[in-house]
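Taking my numbering, I'd label the letters of the sequence shown as residues 619 to 1324.
All residues carry an ideal CB built from backbone N, CA and C; glycine is no exception.
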Amino acid sequence: MTLVNRLSAETSLYLKQHANNPVAWQPWDETSLQLARELDRPIFLSIGYSACHWCHVMEHESFENPRIAELLNQWFVSIKVDREERPDLDQIYMAAVVAMTDQGGWPMSVFLTPQGEPFYGGTYFPPTSRYGRPGFAEVLAAIHDAWETRREVVTEQAAQLTDTVRTHCTQSYEKSALGENLLDHAGRTLVRVCDRVHGGFGQAPKFPHAMDLRLALRLAHRFDTTETAEVAQIGLEAMARGGIHDHLGGGFARYATDERWLVPHFEKMLYDNALLLSAYVDGWQYFKTDFVRRTAQSIVDYVLREMQVPSHVLPGGFCAAQDADSEGEEGRYFVWSLSEIRQVLAGDPAGNTDSALFERAYGVTAEGNWEGRTILHLPMTLAALGREFGLSESAIDGKLATLRAKLFEHRSRRVAPARDEKLIVAWNGLMISALARAGAVLGDARALEAAQRAARAILDQAGRSSLGLPHSIQEGVPRQGAYLDDYGCFLEALVDLFLVDADPFWLTSAAPLIGKLFQEFHDEDQGGFYYVGRSAQPLISRSRDFQDNVTPSGNSTVANALLKYSRLTGDALAEERTYQTLAAASGLMSRSPMATAHSLAALDLWLGPTYECVYFPAAGTDTTSGLEGESDAVIQAMRDLYLPHVLFVKGHAGLVGTLAGGLVEGRLNPATEPSLYVCEKGTCQLPIVGETAIISRLKELARTLD
């Protein structure tokens, strides 16, 4: 039987990139699975994503190779999956690869029985043996031989590996008491494993660990520990100075290939920039350093300029990723030669004072620092540059801003990396939360408006689609029903929007989604939630997701969302499910704090004391939603302070019936002075009256827990 490539009808950019391969790729659907069963062939499952550099390499070397394509088409049913569209498949089969090889990554290459059970796999395979890896053609021949001559061995191995995957994906952890000791242990772990020389954690390759940095700040606030705060400070500043940070266009690449953050893998992912934006906003509130604030603002600028879904497709929302490659080369868009820098800044290959300043500031040299070209980074402080060039720090800062703008304008004429324009709800939820807070804290109305537009666009799609809340939207069309992290991240985004603009629409929109979450995903036996809903297509395992990866785990996002929602609305079931979820994760939090940072953040909020602070401005003050309250000294003070244990709400009559009754009812009579009610689980203290007294109380809450 002659198979044909079926990917041309797919909407995923990653799948479309393989539509013209000589490999007869099939999408993951019942037709493809039935085909494998009818032909009695093993499945070759290849999982990747559009911005993955090594995915492109393997495509060029192997999937465009006529001989390898012939082997695949003759012996296998080859299925191509976009991991961003089908994280459930990625999660399950990555567990199999890790079980076999002790490592994972993309492209993921897995061989399955026609029933979908894995029996062999890995990540990138070169076409012929090198890098200590077997050649892909050799692997295909060996798999084919085993399938034809040792079928019983293969099926037995597949059954054993499938059992291992099921155990891994559904494992429960011995529970620990939900106490401050878990947080103390986490803080000590962060301090112990922190790289105090280069910032961050671990050795190359180095990932941002934004959730761990945010947790470090929460724990520094709780325990008043300088060492823990330094973990975040060193990491945030080191990454912002490194080549992982795009110093011209803003935003961060996915990870660095070295321990110094100099050489990135150049793709930019929406989720990284969302998590890092939240971390840098926290860092600005905690440390009050202008460099950290500017870094946060640069992420906002990048996302609003380059990552919004085209308005003709959707009225709001954010794209998944920007590729590492352009013009067939990794990083080409982002790196510079010395002569090019001088030509742009000085109009002369010999350079001038301006180009000399930029070269020193950003480490530009004739030999370069990566493949003969320079990745911009900041090896010197402004103070050191000022001493060398005889200028003040502010003068240096101003000059560098002008020079960066010139280079950015020049760079914008280059061929830009491709952008994957699918909207992933979980990642959009992370970005909505980040932009809402950044808009408030940085005073950037554009950020809040973009967050609001994105949330409304997703809610509109959820209301019109038979899928309900979608997982991804491509070309304006929902592609899959939502997974657990889609619900968790988006629900937390709705609550975070409410905490910024006090619009009850966000909380009322969250309520039916929470009902659906409980109906489809809740684990009645062990607590917490399954990653895939009850109505989804059954796979070889239904996993429970407690461990953070590059994004927070589904259960951790749900715990954070439900906790904040329950404290604001008084929803007792949401509060109970929060406790059950944290209890189910407690053993993992104890054993692996750096794999559970987002759950530990929820635990920190749950343990408290956590305060619902409802602020009623003086009579005559505008109480509509948005950032128009910037002139209000109380609101400005709240936004300037680091208050991880405060849920601050601007009270108004529209909140009656939405918030827990004790938070607003009976408190809406206009007063000549502003008042603040500090409440805990709906029980409120006597009001604090007057601007000065209110700000003083907020500052106390920013300093310590009491």
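Span separating the alpha-carbon of residue i from that of residue j
i       : j       : result
GLY797  : LEU1225 : 7 Å
VAL1150 : ALA1100 : 8 Å
TYR632  : GLY750  : 28 Å
GLY934  : MET829  : 26 Å
ASP720  : TRP902  : 38 Å
TRP693  : LEU1157 : 24 Å
VAL715  : ASP763  : 21 Å
SER1010 : GLU1110 : 44 Å
CYS1231 : SER1210 : 33 Å
VAL918  : GLU648  : 42 Å
VAL1307 : LEU1294 : 7 Å
TRP988  : ASP1038 : 26 Å
LYS793  : GLY1205 : 5 Å
GLY1094 : ALA1289 : 48 Å
LEU1200 : LEU894  : 24 Å
ALA1278 : TYR1197 : 19 Å
ALA637  : GLY723  : 23 Å
THR1126 : ASP1078 : 14 Å
LEU779  : GLU848  : 43 Å
GLY1247 : ILE1253 : Bear in mind that the predicted position of GLY1247 carries a pLDDT of just 48, short of 50, making it too unreliable to give a figure here.
ARG1185 : LYS1299 : 6 Å
THR1242 : LEU1281 : In this prediction, THR1242 scores a pLDDT of 49, lower than 50, which makes its location untrustworthy; no coordinate-derived value is stated.
ARG624  : ARG1257 : 52 Å
SER896  : PHE1164 : 21 Å
GLU628  : LYS634  : 6 Å
Three-state secondary structure (DSSP) of residue i
i       : result
GLY986  : coil
MET1207 : helix
THR1020 : helix
MET712  : helix
GLU792  : coil
ARG748  : strand
MET829  : helix
ARG1380 : Because residue 1380 is not part of the residues shown, which for the chain are 619 to 1324, the question remains open.
ASP874  : Sequence check: residue 874 is Ala here, not Asp. Note: ALA874 maps to strand in three-state DSSP.
PHE1164 : coil
ALA1289 : coil
LEU1200 : helix
PRO684  : helix
SER668  : coil
THR913  : helix
TYR632  : helix
TRP724  : coil
GLU1039 : coil
ILE993  : coil
SER626  : helix
ILE1306 : strand
LEU741  : Note that residue 741 is Thr in the sequence shown, not Leu. It is coil, neither helix nor strand.
VAL1033 : coil
GLN644  : strand
MET1341 : The displayed coordinates of the chain run from 619 to 1324. Any statement about residue 1341 would go beyond what the structure contains.
CYS937  : coil
TYR1295 : strand
Terminal residues of the alpha helix (DSSP H) in which residue i lies
i       : result
MET925  : Segment: none, MET925 is in no alpha helix (DSSP H) and carries neither H nor E.
LYS906  : No alpha helix (DSSP H) holds LYS906; DSSP gives it neither H nor E.
GLN1182 : Here residue 1182 turns out to be Lys, not Gln, going by the sequence shown. 1172-1187 is the span of the alpha helix (DSSP H), which, as asked, contains LYS1182.
ILE959  : 956-964
ASP763  : 754-767
VAL1010 : In the sequence as presented, Val is not what sits at residue 1010; that position holds Ser. Looking at the DSSP string, SER1010 is not in any alpha helix (DSSP H), and its letter there is neither H nor E.
PHE1139 : 1122-1139
ARG806  : 798-811
SER1217 : 1215-1225
TYR980  : 971-980
ARG859  : 844-859
Where the beta strand (DSSP E) containing residue i begins and where it ends
i       : result
LYS1268 : 1264-1268
GLU1230 : 1229-1234
SER696  : 695-700
Residue i Cβ short of 7 Å to the ligand HEM heavy atom set
i      : result
TRP643 : The model on display carries no ligand, and the ligand HEM is accordingly not part of it.
| query | Using 8 Å as the Cβ pair cut-off and three pairs as the minimum, do the region 955-965 and the region 1025-1038 touch? | reply | Flag = yes, the region 955-965 and the region 1025-1038 touch.
| query | Counting pairs of Cβ atoms below 8 Å between the region 924-941 and the region 668-682, do you hit three or more? | reply | Look at the beta carbons and you see the region 924-941 touching the region 668-682: at least three pairs across the two are nearer than 8 Å.
| Are three or more beta carbon pairs between the region 1104-1118 and the region 1127-1136 nearer than 8 Å? | A contact exists between the region 1104-1118 and the region 1127-1136.
| Touching by the beta-carbon criterion (3+ pairs, under 8 Å), the region 1056-1066 and the region 1172-1192 | No, they do not touch.
| request: List in chain order: all unbroken beta strand (DSSP E) runs of 3+ residues lying wholly within the region 1036-1120. | output: Here the runs fully enclosed are 1088-1092, 1095-1099.
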